[in-house]
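Taken in order, these protein sequences are the chains called B and Y.
Following our numbering, the numbering of the first sequence begins with 1 at its first residue and continues without gaps.
Following our numbering, the numbering of the second sequence begins with 280 at its first residue and continues without gaps.
For every residue, glycine included, the Cβ atom is placed at its ideal position computed from N, Cα and C.
Quantities reported herein were computed from a predicted structural model and do not represent experimental measurements.
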Amino acid sequence: MKKIVKEPLFHFLLIGAIIFLVYMMVNTEQNTQEIVIDDNLVNELASKWELKRNRRPTLEEMEGMINQYVEQEVLYQEALTMNLDHNDEIVKRRLAQKMEFISDNMAESLQPTLEMLESYYEEHKDNYAKAPIYSMQVLYFSEDKRENASADALAALNHENPLELGDNISLPSNYKDESAFKITRDYGRVFTNALDSLETGKWVGPVQSGFGIHLVNILEKKAAGYYEFDDIAEKVSTDYNFDASNDFKQELIATLLKNYSIQIDVEDPSLKKELDEKY
Amino acid sequence: MIKMKHTYLLAIPALLLAACGGSEEKVTNLTSNSEATVTSITSEKRDNYSPFVGDDYPQDVYFGDLHLHTSFSVDAGLVGCKLGPEDAYRFASGEEVVTSTGLKAKLNRPLDFLMVSDHGTNLGIPPMLWEADPDLLANEIGKKWYDLVQEGKGKEGVYLPWLQTTMKGIDQIKSEKIMRNAWTREMDAAEKYNQPGVFTAIIGYEWTSMPGGNNLHRVVVFKDGKEKVNNILPFTAFDSQDPEDLWKYMSNYEQKYGGSVLAIPHNGNMSDGLMFSVERMNGEPIDAEYATNRMKWEPLYEVTQIKGDGETHPKLSTTDEFADYGTWDINPFKGPAENTKRYETEYARTALQIGLQQKQKIGVNPFKFGMIGSTDAHTGLTGWQENNYMGKFPSSEPSAERYEEVLIPSPLDKKYDIMTWMEVAGGLTAVWAKENTREALFDAMQQKETYATTGTRLRVRFFAGWEYTKQDATRSDFAKNAYANGVPMGSDLTDGNGKSPNFLIQAMKDPDGANLDRVQVIKGWVDANGERQERIYDVAVSDGRVIDKTGRCKTSVGSTVNVKEATYDNSIGSTSMTTYWSDPDFDAALDAVYYVRVLEIPTPTWLAYDANFYKLSMPKEYPMTHQERAYTSPIWYAPK
C-alpha cells in the first residue's frame, strides 16, 4: 500500500479526483453537457425544410425546429445515461452495421497485387470456364398438344427415325458448333443445364425445357476451355475482393471473439451441443 | 399492294449475286425478274436450291434495358450507388458483380443489350467527388460539395439541396470541361463492353426535364460509336426544359455529324397530364409541325418500368380486368388527381387514341409511338426479375427491411409518400432485329419493331395484312410468309379494299418463365362523333376456355401460386399460342390502332420472394401475385 502511495500515477489520479469533486461542489448544475446550435445546424434544418415544402422556413418555424432538435438531443443524451441503448435490438443492429461498414472499408483498402490475382485465378479456374460448344439435333413434344408428351418421346426413341415424330416449334432444331450461350437464349437454362450430363452420338431423352419435352441427339460436344486471365482480370479482381472482404470480416470477428467468453445456458440439449462445439 | 417496310425485295438480287459468283449479266437479268422472285417466295417454285437465300427479315428478338442509372447520376451516386457504367455493362452481360450494399448478384441469363442512361444534369459528379478530381475541386461549388462529402454529408448537404436547384433548372457547376470528362468516360465504358453479335452496349443519357416537378424525362439513344458522339455533349435540362429544344439539338447532331439519334419519353404517369398533352410548352395548341417533329425524334414510348406501368389506368379502361397493373397514379409532389381527365394524357392506350383525334384535327398523328419497357434502376444493376430483384435505389437493394422504406417522400403529406413496396420490378425492351448490333437494333427501334415486357422474355410476333388466311397461322415458315404478305408491329396498314384486315400473332413463353394465359388485341379508334373508343378482343386463350360472341373470355386462367413458398407451376396455361384474327367490327372509313397484349399465368411478385426469403409477414394489401405481360408496338390502319 505504501508503495502505491509513492507512485506518481497515483498522485496524478488523486489530484484529478480532487479537482472533479471541487468542480461538482462549486457547479450547481450537475452533469452539464454541451448542445451546440450553430450555422451548420441552422443550414441543415433549413435545407431539410425546404426540400419538404419548397420554401425557406420563417424565423418562427426555424425556432420550432431548433426547439425540437434541442429536445431530441436532451432526450437522446438522457437515454444514453440511463443505458436505454443497451439491449435495444434496433440500436444494436444499426451499430453492428456501422462496424461492418468500417470493416468493409478497411478490407477495400487492402488492394491485391497482380500476382495475388493470378494465383487466385488459378485456384478458382472452374469459375472462369467458357460455355461448351454443341452440334446437335433437337426434337419437340408439346405438352399443350399431347396427352402424355414424355411417353410419346420415350416411344419415339425406339423408332427408326425419331425426326418424323416431333412437333413444330419456331426455334432451331439443328445446331452446328453453337455455344451453350446461344442454346440457352433459345431453349432456356433448364434445358442447357440438362445437356451437360447427356450421352453423345445417339438420340436421348426425354429432356425437359420450359416449352415441354425434347429428345436430343448430341453429335459433338466440345469443351471451350477457360477465359484468359487478361480478358477477365476485372471479374477476377471483383471475386477476389468479395472473398477477401468476407474473410477479413470473419477474421476480425474471430479475433474480437477472443476477448469474450461466451456462456452457454440453454436447455435444449441438441442446441446446447451445437453451440458448445461452435464456441 | 401493301407498302412493305422490309426491303428484302431489293436484297434478293444482291444475295443472289453473292451466291452466283457475281457475273454482271446475271445480275441484270435477275433484277428485272425481282417481282417474280418475290411472288414465288411462298410457293414451291424457287430459283435457288437453298430456300433461305435472300431471307432478310428479323429472325430473332433481342432483350435489353435502355434506361439504367449508375453512380454517374447525381441522384444515384450521392445516395449510395457505387457501381459505375462499366459495372453496369458487366452485370447486364451476365457477369457476377458486388452491389453497392455488398451483395453478390448475377442475372439468370445475360441481356442482349444495355444502354447506361445517366442524368445529363451534372453528369459524373459523384465519382469525381470521391476521386477528388482536380477540375472539380478548382470549381468553387465543386470544392464546397467535396468538403461536405468528406464530412459524410453527401445526401443532406449536397444531394438534397442540389435537387432543389436542379428542379429550378439552375446549374451550379457550369463547366464544359467537367461535363466533357464525364461524357468521355460514359462513352469509353460503352465502347469497351460493346461486342457486336454478342452483347451491344449503346451510348446514351437521360434528358431530365421536370418543370414544376412534372416528369417529362426522355432517354436519348445514339446509333453511333464514340467517334461521332464525341463531337457533342449531352443537351441537358439546364439548357432547356422544352422537348422541342431537345429535338433541335438532335437534328443539329444528325445534320452536322451525320449520326443518328432518337429519344424515348417515360413515366407519363408522373407528368401531371403533360406527357401527351395537346398543348405545347408555350401554351399553343400542337400543330402539324410539332406532330411531325415529335414522331421523327420520338418513335417509341417507355410504357413500363419500376415507377409504374403506363399502358392504361383502371379508371380509364373500366371494363379491362387486367388494367390495374403496377398503377402509380399518386404524384408525391401533387397528390392524387382531382379527376380522371389527367390520366387521359398520361397513359399510352388513351394517348394512341388521342393521336388519332389529333390526326383528324391537324393532319398528322403526334402520338404514333411504339412500345418498350425498361428498369430506370439507380443501382447500376438491371435486375428486374421478380426472384432476383435488385431494387430502384441502393436503399431498395435486397434486405429484410427494404419493403417498408420510403422511396420518394412527399413534401405535401405522408400519405402521398411513395413506398418501396410499390415498386414494379421493372421491364424490358424487346427488339426484332436482324442482328445484335448497335446499327440493327437502332434501325429496328426507329421502325418500332419493338415490344415492351414487364420483365419476362416471352416472344411475340404481330402482323397485319389483307390477304392472310387461317392456314397462315400454322405454316412452318410463319414469319417469312407474314413478312412477305403484310406488315409487322410498328407499321402502317394502308391500301385497303374495304375488307376487314387480317392479323397473324405468334406468342411463345419465356423458356425459363411462366406459361401464357391469353393473347389479346386492343383496338383504339375515333368514332363518327369524334369520340375516342377502345375495345379488347381475346384472340387466343389457354386450357380450352371459350371466347364468347363479344370476343372476350371471362373465365380466369386460375392460379398455381403458393404465396408463402413464393412458387408456382406451369400446370395451367400454354407454352405458345399462334393465331389468325380478323377484326369483326371493322369500319373502313375510320382510322384505327391495334396492339397486342400477351398475359402470363399468375406468378409471385418480388414482395412474395422477399417475404419468403427473409421470413417476413407483410400487410395483406401488398400485391403478392400478378400476371406479367407484353405490349407490342401498334399497327395503324388509315383509310384511303
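Using a Cβ-Cβ distance cut-off of 8 Å, determine whether residue i contacts chain Y.
i	result
E143 (chain B)	yes
E235 (chain B)	Residue 235 (chain B) is actually Lys in this sequence, not Glu. True, the Cβ-Cβ gap to chain Y drops below 8 Å.
E178 (chain B)	no
E44 (chain B)	yes
T255 (chain B)	no
Q72 (chain B)	no
L184 (chain B)	A small correction: the amino acid at residue 184 (chain B) is Thr; Leu does not occupy that position in the sequence shown. Yes, because at least one Cβ of chain Y sits closer than 8 Å to the Cβ of T184 (chain B).
F229 (chain B)	no
T238 (chain B)	yes
Kindly list, in the order they appear in chain B, the residues whose Cβ is closer than 7 Å to that of residue i.
i	result
N387 (chain Y)	R189
So residue i and residue j are supposed to be a Cβ contact under 8 Å. How far apart are they, rounded?
i	j	result
D751 (chain Y)	A761 (chain Y)	7 Å
S912 (chain Y)	K620 (chain Y)	Incorrect: roughly 27 Å between the Cβ atoms, too far for contact.
A743 (chain Y)	L772 (chain Y)	5 Å
A786 (chain Y)	R738 (chain Y)	7 Å
D608 (chain Y)	Y622 (chain Y)	7 Å
T654 (chain Y)	Q584 (chain Y)	6 Å
G421 (chain Y)	I449 (chain Y)	Going by Cβ atoms, the distance from G421 (chain Y) to I449 (chain Y) rounds to 15 Å, so no, they are not a contact pair.
G649 (chain Y)	P578 (chain Y)	6 Å
Kindly list, in the order they appear in chain B, the residues whose Cβ is closer than 9 Å to that of residue i.
i	result
D789 (chain Y)	G188 and G210
G792 (chain Y)	G188 and G210
Can you tell me whether residue i is helix, strand or coil according to DSSP?
i	result
M698 (chain Y)	strand
V500 (chain Y)	strand
Y227 (chain B)	coil
N283 (chain B)	An answer regarding residue 283 (chain B) cannot be provided, because it is not within the stretch 1 to 279 covered by chain B.
V395 (chain Y)	strand
G492 (chain Y)	helix
K221 (chain B)	strand
A156 (chain B)	helix
M560 (chain Y)	coil
R55 (chain B)	coil
F191 (chain B)	helix
S329 (chain Y)	coil
D237 (chain B)	A small fix is needed here, since residue 237 (chain B) is Ser in this sequence, not Asp. If DSSP states are grouped into helix, strand and coil, S237 (chain B) belongs with the helices.
V840 (chain Y)	coil
A616 (chain Y)	coil
V317 (chain Y)	Residue placement at V317 (chain Y) is poorly supported in this model, since its pLDDT is 38, which falls under 50; the coordinates still yield a value, given next. Correct three-state label for V317 (chain Y): helix.
R797 (chain Y)	strand
P269 (chain B)	helix
Would you kindly report the start and end of the unbroken beta strand (DSSP E) that includes residue i?
i	result
G634 (chain Y)	Note, G634 (chain Y): premise wrong, no beta strand (DSSP E); alpha helix (DSSP H) at A627 to I641.
Y861 (chain Y)	Before going on, a small fix: residue 861 (chain Y) reads as Ser here, not Tyr. Counting along the chain, the beta strand (DSSP E) containing S861 (chain Y) begins and ends at S855 to S861.
V877 (chain Y)	A871 to E879
E813 (chain Y)	R811 to V820
T732 (chain Y)	T729 to T732
P206 (chain B)	W203 to S209
L895 (chain Y)	From DSSP, L895 (chain Y) is part of no beta strand (DSSP E); its letter is neither H nor E.
E581 (chain Y)	L579 to Q584
A656 (chain Y)	Segment: none, A656 (chain Y) is in no beta strand (DSSP E) and carries neither H nor E.
Kindly list, in the order they appear in chain Y, the residues whose Cβ is closer than 7 Å to that of residue i.
i	result
E50 (chain B)	Q443
N168 (chain B)	S755
T58 (chain B)	Those do not exist, as T58 (chain B) stays about 17 Å from chain Y at its closest Cβ, beyond 7 Å.
E61 (chain B)	Here the premise fails: no neighbours, minimum Cβ distance about 15 Å.
Whose Cβ in chain Y lies nearer than 8 Å to the Cβ of residue i?
i	result
F242 (chain B)	V377 and K383
Run through chain Y and tell me which residues come within less than 9 Å of residue i, C-beta to C-beta.
i	result
S47 (chain B)	E435, G436, L439, P440 and Q443
Anything in chain B within Cβ reach of residue i, meaning under 8 Å, just list it in chain order.
i	result
Q785 (chain Y)	S170
S675 (chain Y)	Within 8 Å Cβ-Cβ: nothing; S675 (chain Y) doesn't reach chain B, min ~17 Å.
Let me see if you follow: with CB-CB separation under 8 Å, is residue i close to chain B or not?
i	result
E374 (chain Y)	yes
S853 (chain Y)	yes
S912 (chain Y)	no
What span of residues does the alpha helix (DSSP H) with residue i cover, start to end?
i	result
W885 (chain Y)	W885 to F892
V428 (chain Y)	E419 to Q429
P132 (chain B)	Segment: none, P132 (chain B) is in no alpha helix (DSSP H) and carries neither H nor E.
N531 (chain Y)	P522 to Y536
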